[in-house]
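K.L.:
Sharing a structure, written as structure tokens. Questions coming.
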Amino acid sequence: MSVLSINERGRFVLLNGDEAVARGAVEAGVKVAASYPGTPATEILEAIAGVSKQYGIYAEWSINEIVATEVAAGAAMSGVRSIASMKHVGLNVASDAVMTLAYTGIVGGMVIVVCDDPSMYSSQNEQDTRYFAVHSKLPLLDSGNPQEAKDMTVEAFELSEKLSLPILLRLTTRVCHGKGRVKLGRVRELDRKAEFDKNGSRWTMIPANARRQLKILNEKQIEAQKLMEESKFNFIEDNGKELGIVGSGIGYYHARSILDKDHFSWLKLGFIHPFPAGLVKEFAGKVNKIIVIEELRPFIEERIRCLGVEVLGKYESGLEEVNEFTPEMVRNAFANLGLCKKPKEQEELKLPPRPPVLCPGCPHRAFFYSLRTVKKDAIITGDIGCYTLGVLPPLNAVQTCLCMGAGISQAAGIRHAGVEDTIFAVIGDSTFFHAGMPGLLNIAYNDAKVCVVILDNQVVAMTGHQPTPESGKRVTGEEAKIISIEGIAKALGIDRVEIVDPYNVEETKKTIKSILDYDGPSVIISKRPCALLVKKGEIPRVTEECDSCGVCIKLLGCPAISMTEEGVEIDPVLCTGCGVCEVVCPFNAIRV
Amino acid sequence: MVFAGVGGQGILLASDILCEAALLEGFDVAKAETHGMAQRGGSIITHVRIGDEVSTPLIERGTGDILLGFEVLEAVRALPLLKDGGTVIVNNKFIPPLSVLQGLAESPTKNELMDTIRRKARHVYEMDGISLAEKAGNVLVMNIVILGAFLAVPENPIKEKSLREAVSQRVKASYLEVNLKALKVGKESLL
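Chains as they are written, first to last, in my numbering: chain A, 17 to 608; chain B, 1398 to 1588.
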């Protein structure tokens, strides 16, 4: 049973930040929730979906973040409460909708949850979503632990309805995936009838209406400012000290953990945009010096400086504007300011890294092996998914990773630029649905001689096996129509579509070879379910014919195969019995 | 407390269970872990902080009290988080990273790794988690065996009863018996 189903006010439960947001949405009476999987935001929708029946919530995995935002917007325009959740780069995808949604506004409360990933644990870049609030003129709440994440979610729905604006709620990876004690609140039951105002000219952003709505949006800033000034998420702890610390997010809590709290006065900022200038000035009047502790860019620091208040910021403390903070970084910063001792150096042994790898039996590995064997010098563009790990040795099979879907169009650009090499673009099934379809249509229309390989494992594997439009299942477990990737590729204008089983290495190689001579855009669908989701096959053994040449290790890089003093060994616990190494071995020494 | 090991060893579940047990005893608790890309067979380090009031889940380097190492190399990787003279429980299994197996990187030997742990920690409890898990009835409950061993350590603030209750909350009914046995086997291995 999910702890989100507990309707017991005041009870303490253990939640991570994502689950806490989900709980906050439930407590606020959310009716529609939409998202696309992306670390560290994935668990928000999963947690809501887990209790969707109990609370009468509609939850969906949308095919991408802008679709999720539009679905949530439609619901909020109809007067019910809705939530759209995504990782920071998902907001880039959604931003076309969000920027103009600020103009139209909404009726029912709408919260857009954005999870930043400082240190890029699972992302291609590091963004600071606080700046998007300034850009879009939408209020933003910035949470630093699960309790705040829950409380801010509940409050964001209230703010949203007071302002008729979507509210941005920001978390960071450590908040999303950090667990903490959360005190539950009451679950509200909102008995609202969804109704869409067909005569609302504010929904239609033709220039005349948009000019009017922009004026309204600007007027709402004054109202938002007032609500910010009353917010419980910005507060001073005045200990009558000369030094004052201003902080937000998890950085504030690191500082509280390291320093003796009573030796400083504190200003915690949670409602960050519109910026709490009044409170900052009041705080500046109480202390002699202000130190700002904030992860990523100097957002708060810049704004305080604009007020003419002197601060000790990133430069003075030595805290960088990249990467997440660790407690020792914060201690170092305070040491640089002469407020405490430097942390003791820790002995560190030189250790080999253990980066994430493609799992044993991964069908992507099998396909990459065939591709590299047939055409070692091909250009292979890629994008984001488990298959990006194909970049690692020994496969070295992915040469680009820009953003979702980019590989297809980058491949086209490389071709149109005049590069004559063979070009493949690899993309996963879910990424294809998310952002690959326009690129594929584009290469069909503009006739780019590129072979697009759709690595189809029938699931969003990297984020924890969420269903896709091809899975026949929705996030709530209900059955769904199965959408055919082959059908889409053909409908988008690709005449040559081949389907291969990557475990069948010989057939796969044959198909790849035949495509090399094809003069036009083509698609290969490499179809095999994710190895983590299927029953193991028969585990092979290494026979006496093995002469320890190591080809299996050098070409496949399967974690289940290792070279020991006794020779090649296959770990029976890790091995899935995919059979690919049996084909790879030149001596036929690996057999079931 | 620090949990360190390799993705797939059950660290997320084990650390969750410990947090739930701490919550049952009325402690404040915070935990930091990694999901997503970082999880696929890569290094896993999970921080757990238990106390009357815990403001951040991350442990400052050199201040951790106890390290639960699920694998030797990863235990050493997490060692800077431990305070000098801290306590280490370590599953004596060494899993070389793929880069080492492929001859692309070098690794200290298992003995060198163990010596590094012994230099830093005052109490080191070495255990054969896999055999103990097999003894409990399933090799997959190695994570719970290590939690059980933690019960036998004097610095442990959590009562066995709470840990058993937390296990019952988090584990499917059909696997409950083997998991409770794993706690017992783990604890007894250190007594």
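Ideal Cβ positions, reconstructed from N, Cα and C, are used throughout, including at glycine.
Keep in mind it's a predicted model, so treat the numbers as computed, not measured.
Mind reading off the beta-carbon distance from alanine 110(A) to threonine 85(A)? Whole number of angstroms is fine, and I expect it under 8 Å.
P.N.:
4 Å
K.L.:
Measuring alpha carbon to alpha carbon, tell me which residue in Leu154(A), Gly194(A), Thr188(A) is nearest leucine 175(A).
P.N.:
Leu154(A)
K.L.:
By DSSP's criteria, cysteine 131(A) is part of a beta bridge. Which residues make up the other side?
P.N.:
Lys103(A), Leu187(A)
K.L.:
If I measure Cβ to Cβ from alanine 1435(B) and keep anything under 7 Å in the same chain, skipping five residues before and after, which residues do I get?
P.N.:
Confidence at alanine 1435(B) is low in this model, with a pLDDT of 49, below 50, so its placement is unreliable and the value that follows should be read with caution. The answer is none, since no qualifying residue turns up.
K.L.:
Could you work out which residues of chain A lie near serine 1452(B), taking near to mean beta carbons separated by less than 7 Å?
P.N.:
Neighbours of serine 1452(B) on chain A, chain order: Tyr269, Arg272, Ser273.
K.L.:
For arginine 1446(B), does the three-state DSSP call read helix, strand or coil?
P.N.:
strand
K.L.:
In terms of residue numbering, what span does the alpha helix (DSSP H) encompassing lysine 1578(B) cover?
P.N.:
1570-1587
K.L.:
Excluding the 5 residues flanking alanine 240(A) on each side, which residues of the same chain have their C-beta closer than 7 Å to its C-beta?
P.N.:
Pro155, Leu179, Pro290
K.L.:
Does any residue of chain B bring its CB to less than 8 Å from the CB of histidine 193(A)?
P.N.:
yes
K.L.:
Would you kindly check if the distance between the Cβ of glycine 260(A) and the Cβ of lysine 305(A) is under 8 Å?
P.N.:
yes
K.L.:
Looking only at its chain, what residues have a beta carbon closer than 6 Å to the beta carbon of threonine 1460(B), apart from the 5 residues adjacent to it on each side?
P.N.:
Lys1480
K.L.:
Can a CB atom of chain A be found closer than 8 Å to the CB of serine 1595(B)?
P.N.:
A query on residue 1595(B) cannot be resolved here, the shown segment of chain B reaching from 1398 to 1588 and no further.
K.L.:
So phenylalanine 1491(B) and threonine 1443(B) are in contact, right, with Cβ under 8 Å, and what is the actual spacing, rounded?
P.N.:
20 Å between Cβ atoms; not a contact.
K.L.:
Under the three-state reduction of DSSP, which class applies to alanine 1435(B): helix, strand or coil?
P.N.:
Residue confidence is low: alanine 1435(B) scores 49 on pLDDT, short of 50, so the model does not pin down where it sits. Its coordinate-derived value is still stated next. In the three-state DSSP reduction, alanine 1435(B) falls in the helix class (H, G or I).
K.L.:
Flag arginine 1458(B) as yes if its beta-carbon sits less than 8 Å from any beta-carbon of chain A, otherwise no.
P.N.:
yes
K.L.:
Rounded to whole angstroms, how far is the Cβ of arginine 197(A) from the Cβ of leucine 30(A), which I believe are closer than 8 Å?
P.N.:
Rounded, the Cβ-Cβ distance is 6 Å, consistent with contact.
K.L.:
Could you name the residues that DSSP lists as bridge partners for leucine 1501(B)?
P.N.:
For leucine 1501(B), which the question treats as bridged, DSSP gives no partner whatsoever.
K.L.:
Count the other CB atoms, across all protein chains shown, that sit within 10 Å of the CB of cysteine 565(A); report buried if there are 16 or more and exposed otherwise.
P.N.:
Result: exposed.
K.L.:
Are the C-beta atoms of alanine 1435(B) and some chain A residue less than 8 Å apart?
P.N.:
Residue placement at alanine 1435(B) is flagged as unreliable, the pLDDT there being 49, under the threshold of 50; a coordinate-derived value is accordingly withheld.
K.L.:
Return helix, strand or coil for histidine 289(A), following the three-state DSSP convention.
P.N.:
Note: histidine 289(A) maps to strand in three-state DSSP.
K.L.:
May I have the straight-line CA-CA distance separating lysine 465(A) from serine 446(A), to the nearest angstrom?
P.N.:
23 Å
K.L.:
Does chain B have any CB closer than 8 Å to the CB of lysine 383(A)?
P.N.:
Note that residue 383(A) is phenylalanine in the sequence shown, not lysine. Not one chain B Cβ lies under 8 Å of phenylalanine 383(A).
K.L.:
Give the DSSP-derived three-state secondary structure of phenylalanine 28(A) in the structure shown.
P.N.:
If DSSP states are grouped into helix, strand and coil, phenylalanine 28(A) belongs with the strands.
K.L.:
Which runs of the beta strand (DSSP E), 3 residues or longer, sit entirely within the segment 75-100 of chain A?
P.N.:
none
K.L.:
What residue range is occupied by the uninterrupted alpha helix (DSSP H) comprising asparagine 352(A)?
P.N.:
Asparagine 352(A) -> alpha helix (DSSP H) spans 343-352.
K.L.:
What first and last residue would you give for the beta strand (DSSP E) that runs through alanine 1533(B)?
P.N.:
Note, alanine 1533(B): premise wrong, no beta strand (DSSP E); alpha helix (DSSP H) at 1526-1533.
K.L.:
For glutamate 164(A), count neighbouring C-beta atoms within 10 Å of its own C-beta (all shown protein chains included) and say buried if the count is 16 or more, exposed if not.
P.N.:
buried
K.L.:
Just the C-alpha distance for valine 338(A) and isoleucine 309(A), rounded to the nearest angstrom, thanks.
P.N.:
Rounded to whole angstroms, valine 338(A) to isoleucine 309(A) spans 13 Å at the Cα level.
K.L.:
Are the CB atoms of alanine 49(A) and serine 18(A) nearer to each other than 8 Å?
P.N.:
no
K.L.:
To be precise: take each residue of the segment 107-141 of chain A, compare its Cβ to all Cβ atoms of chain B, and keep it if any distance is under 7 Å. Which residues remain?
P.N.:
The segment 107-141 of chain A vs chain B, Cβ under 7 Å: Tyr137, Ser138.
K.L.:
Taking 8 Å as the threshold, find out whether the segment 582-599 of chain A comes into contact with the segment 1447-1457 of chain B through three or more Cβ pairs.
P.N.:
Touching, no.
K.L.:
Quick one: what does DSSP say glutamate 326(A) is sitting in, helix, strand or coil?
P.N.:
Three-state DSSP puts glutamate 326(A) in coil, outside helix and strand.
K.L.:
My parser needs the alpha helix (DSSP H) runs of 4 or more residues fully inside the segment 1452-1502 of chain B; what are they?
P.N.:
Counting whole runs of 4 or more residues, the segment 1452-1502 of chain B contains the alpha helix (DSSP H) stretches 1469-1475, 1495-1498.
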